[in-house]
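Okay, so here's the structure we're looking at.
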Amino acid sequence: MNIAVCVKQVMLQDMSDESAETGGTSREASRLVNNANDYYAVEEALKLKDRYGGTVTCLSMGPEKCQEQLREIAALGVDRIVLLSGRDFAGADTLATSYTLAAGIRRLSGFQLVLTGEQSLDGETGQVGPSLAEQLGIVHVANVSEICSAHDDGEMVVKRELEDREIMIKLPLPALLCIRKHINQPRIPSVVGLMKAKTAQITVWDPDDLGIEPGRVGLSGSPTRVVGVYHPAGKERKADGEIVRYADNRQCAARILSKIGVCDDKGTGVFT
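Residues in the sequence shown are numbered from 15 upward in steps of one, following the working numbering.
Shown next, in the form of structure tokens:
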């Protein structure tokens, strides 16, 4: 089974670097880390490879400085790393991002399965996975909490987590799965893996390599955009807080209720 895994690099939670070009924060100027949720997708791909054979290719879109973080993924044992990079990709929303990733996956070709994390820690939309599946014209399942089996007849069975229950779904391949966090325990890279990652080849493709429509990528291809990023007002203001500790839970409840004006400290009218 040949698997493609989409990985994103996100900024550390510091909004000090704002891009005048896109209105959002600049990944060019900020320190990047791999999106934590994507490690679960990488781990699932590697587990499937161990079980059924095949290859695992990691695909990402971002500035060339992302190669440093992608080597951390290479150290886990993936077979190939591809970075889609170019100034034309800057400022992409989820639609433009999924269009670009789809172009990269089509060029790679030969995949039975595409995996993504459930959402990135910066945008937190969870839109790229389903949108990517639509761009590729394949079925998809979000909130996957377990990959149960894959069959030689080109089908697989997964478990999907809903708000109040889990359901089993049988779907045909090729398919795209959005992997829930905590579905597994992502592996730690070995010393050998870390050494190999230092010299691992990372393929970099720009817009010309993908043969894409310029008006559908980056800021120009994004029907939505970030118009500004700022710190919340009153950041320096310290709120008054109180830790409520009583041996009797009723006393704790009475104190909390008194703070919101329901009763007095003794719980008059509530407990008495």
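Every residue, glycine too, gets a C-beta built ideally from N, C-alpha and C.
All of these numbers come straight from a predicted model, not from anything done at the bench.
Query                                                                              : Result
Closest by C-alpha distance to V350, when choosing among L60, G76 and A164         : Examination of residue 350 is not possible in this model, given that the chain is present from 15 through 286 alone.
Residues bridged to I161 [DSSP beta-bridge criterion]                              : V172
Secondary structure of R230, DSSP reduced to three states                          : helix
Residue range of the alpha helix (DSSP H) that includes R85                        : Q81 to A88
Selected residue, minimal CA-CA separation from G68, among G229, G124 and L26      : G124
Opening and closing residue of the beta strand (DSSP E) in which P186 lies         : E180 to P186
Buried/exposed call for L26, threshold 16 Cβ in 10 Å                               : exposed
Selected residue, minimal CA-CA separation from L233, among D102, G283 and T114    : D102
First and last residue of the uninterrupted alpha helix (DSSP H) at N16            : Where N16 is concerned, there is no enclosing alpha helix (DSSP H), although the beta strand (DSSP E) it sits in stretches over N16 to C20.
Contact set for R230: own chain, Cβ-Cβ below 6 Å, skip 5 residues either direction : Y113
DSSP-derived helix/strand/coil call for C11                                        : Beyond the ends of the chain as shown, which are 15 and 286, falls residue 11; an answer cannot be given.
S74 - DSSP class collapsed to helix/strand/coil                                    : strand
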